[in-house]
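Notes to accompany the following structure.
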Amino acid sequence: MIFIRGNIFSARKLCHIAVSIFLFTMAGFGIMADETTVQDSFTGKVNGKTLNSSPLEKGEVSWNASESIVYAGDEKDGWIKCVKAESLAASVLLPAGVSLIEIEMDCHPAAKDKGWIAVGFNGSSGRADATWNGGLFLYLDAAGHAQVRADGTRLKLISKKIEDYNPDGMNRLSLKYDRMANSVSASINKTVLLNDYGLTQNTYAPKILSAGFSSYGVSQDSRIDNFSIKVQSDKNAVAAQAGQEKIKDANAYRILFLGDSITFSQPAEKHKWTLSCGMAASAVENDYVHKLCAKISAELKKEKVEQKILGNGGGVVRNYVGRTGEYKDFQPDLVIIQFGENERQERTIEAVAAEYENLLKDVKGLSPAPKVICVGVWNPGDGGTYSPWAVTLEETIEKLAGKHGAAYVPVRDLARNPECRGYGETNGVRWHPNDKGMNGYAEKIFEAWKKIADKNGK
Numbered sequence: 016m017i018f019i020r021g022n023i024f025s026a027r028k029l030c031h032i033a034v035s036i037f038l039f040t041m042a043g044f045g046i047m048a049d050e051t052t053v054q055d056s057f058t059g060k061v062n063g064k065t066l067n068s069s070p071l072e073k074g075e076v077s078w079n080a081s082e083s084i085v086y087a088g089d090e091k092d093g094w095i096k097c098v099k100a101e102s103l104a105a106s107v108l109l110p111a112g113v114s115l116i117e118i119e120m121d122c123h124p125a126a127k128d129k130g131w132i133a134v135g136f137n138g139s140s141g142r143a144d145a146t147w148n149g150g151l152f153l154y155l156d157a158a159g160h161a162q163v164r165a166d167g168t169r170l171k172l173i174s175k176k177i178e179d180y181n182p183d184g185m186n187r188l189s190l191k192y193d194r195m196a197n198s199v200s201a202s203i204n205k206t207v208l209l210n211d212y213g214l215t216q217n218t219y220a221p222k223i224l225s226a227g228f229s230s231y232g233v234s235q236d237s238r239i240d241n242f243s244i245k246v247q248s249d250k251n252a253v254a255a256q257a258g259q260e261k262i263k264d265a266n267a268y269r270i271l272f273l274g275d276s277i278t279f280s281q282p283a284e285k286h287k288w289t290l291s292c293g294m295a296a297s298a299v300e301n302d303y304v305h306k307l308c309a310k311i312s313a314e315l316k317k318e319k320v321e322q323k324i325l326g327n328g329g330g331v332v333r334n335y336v337g338r339t340g341e342y343k344d345f346q347p348d349l350v351i352i353q354f355g356e357n358e359r360q361e362r363t364i365e366a367v368a369a370e371y372e373n374l375l376k377d378v379k380g381l382s383p384a385p386k387v388i389c390v391g392v393w394n395p396g397d398g399g400t401y402s403p404w405a406v407t408l409e410e411t412i413e414k415l416a417g418k419h420g421a422a423y424v425p426v427r428d429l430a431r432n433p434e435c436r437g438y439g440e441t442n443g444v445r446w447h448p449n450d451k452g453m454n455g456y457a458e459k460i461f462e463a464w465k466k467i468a469d470k471n472g473k
């Protein structure tokens, strides 16, 4: 088993904080007995000292975490906090062949607008963010409402008000997954949410590569304590894990999409958005992802074009750097990179450029090497006028694309056209490209693809 204990953190209001506060690099994890224990109470450390690279109290491992995470407290009671309001990411890498995982923690999700903290695991080798595809997470928001979601937020297994929720103190979260039975149990305090619920009925089985917790919209008063992970693994589970891997269709053409809400958005209650696709499309099949796949399928005369999407609302480039473990086995023939809308000027163009270039290096370094297309920035503005920051971002993306042998597709003419936006019940949705705008995206990307790909799309 793996056991990790501690206390954590803070984050700015309504800033998406992917904080799985214990990514550690475990050199010896590949050689693992049936039970292993690591532990950290965060006591006896220097206040303000960064957590990153610090050894845990028990177990021959060290932390790999953001420099923004530092120690706080004293000799008797230590914890961790965040000193910068920015997106954070870290998690613990788990051994292969996990057959049973149980995660518990105490948390106080102080927030407005129902900000939440979630605990769980997913198939990412780099971080355990609740909103990313491929995992299983238990959520608790500041209003005392709980959910269990799987595969990002695609599958809602249960949603329930916690009657014994403590709004001023700590609440105990427990999530357990049995891989062999493909079942999940979850509880908060004394309220049982799920008891051996079978995921087979959802035709879904989560991958288990990293575990942790993440949050959204929480304040600096939020706390997490007494965090533990218990893992059991065996050779049979390793074989079962290998057997669950999807057998790829050798004749399929594969496209990887990396982007923000224009590429993919989960349902968002505050925006009255109910679909799971590119935001402001009137139907899933009308977003640019599906339109593009249909065009390429027809061009190549292939019955199947496989797509993999890593994207969500509020997406920024830095959250997608270093995540090749999530898609390298997919072996994409084509990669579409669509970012820029959520990058903020205060971060400086140099910082964003460095992150974008690192992402390009990630995808260009895949084997076999895919074709890559970078999409420009959607920035309607007032009267269709692009802001100076958006113009600078576009120019930077175009230069980086050329430097790394990727195609570049501008979308400024679409963003300036009022007919290409305006669908939806709220301004947040209406800002995005509508069906006409989405089709414009697909056509532009398709034409760029035809210029760089051979008759087989390679």
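The sequence shown begins at 16 in my numbering and counts up one residue at a time. By construction, the Cβ of each residue, glycine as well, lies at the ideal position given by its N, Cα and C atoms.
query: Start-end ranges of the beta strand (DSSP E) lying completely within the region 121 to 146, minimum 3 residues; result: 126 to 137
query: Separation of residue 159 from residue 408, as counted between CA atoms; result: 40 Å
query: Cβ shell of residue 479 (< 7 Å), same chain only, five flanking positions each side left out; result: Past the boundaries of the shown model lies residue 479; the chain is included only from 16 to 473, so the question cannot be answered.
query: Cα-Cα separation, residue 153 to residue 135; result: 6 Å
query: Burial state of residue 207, where buried means 16 or more other Cβ atoms lie within 10 Å; result: exposed
query: Three-state secondary structure (DSSP) of residue 68; result: coil
query: Helix, strand or coil at residue 288 [DSSP, three-state]; result: strand
query: Alpha helix (DSSP H) segments (min. 4 residues) lying fully within the region 389 to 434; result: 403 to 418, 427 to 431
query: 7 Å CB neighbourhood of residue 457 in its chain, flanking five on each side removed; result: 303, 306, 307, 310
query: Neighbourhood of residue 209 by C-beta distance below 7 Å, restricted to the same chain and skipping five residues each side; result: 163, 172, 173, 199, 200, 201
query: The beta strand (DSSP E) enclosing residue 161, as first and last residue numbers; result: 160 to 165
query: Cutoff 8 Å; reference residue 453; Cβ partners in own chain excluding five residues on either side; result: 293, 295, 296, 301, 302, 303, 306
query: Beta-carbon proximity of residue 233 to residue 126, cut-off 9 Å; result: yes
query: Contact the region 262 to 282 vs the region 348 to 358: 3+ CB pairs below 8 Å; result: yes
query: Beta-bridge pairing of residue 212 - partner residues as DSSP gives them; result: 199
query: Helix, strand or coil at residue 277 according to DSSP, with G and I counted as helix; result: coil
query: Residues near residue 286 in its chain [Cβ-Cβ closer than 7 Å; skip 5 each side]; result: 441, 443, 444
query: Status (buried if at least 16 other CB within 10 Å, exposed otherwise) for residue 278; result: buried
query: Cβ separation of residue 59 and residue 85, assumed to be a contact under 8 Å, to the nearest whole Å; result: Rounded, the Cβ-Cβ distance is 14 Å, inconsistent with contact.
query: Euclidean distance between Cα positions of residue 391 and residue 65; result: 37 Å
query: Anticipated Cβ contact below 8 Å, residue 195 with residue 122, distance rounded; result: In fact, because the Cβ distance is near 29 Å, the residues do not count as touching under 8 Å.
query: C-beta atoms of residue 143 and residue 168 nearer than 9 Å; result: no
query: Under 9 Å between C-beta atoms of residue 427 and residue 394; result: yes
query: Per DSSP, the bridge partner or partners of residue 436; result: 448
query: Nearest residue (CA-CA) to residue 461, options 378, 241, 315; result: 315
query: Span separating the alpha-carbon of residue 190 from that of residue 178; result: 18 Å
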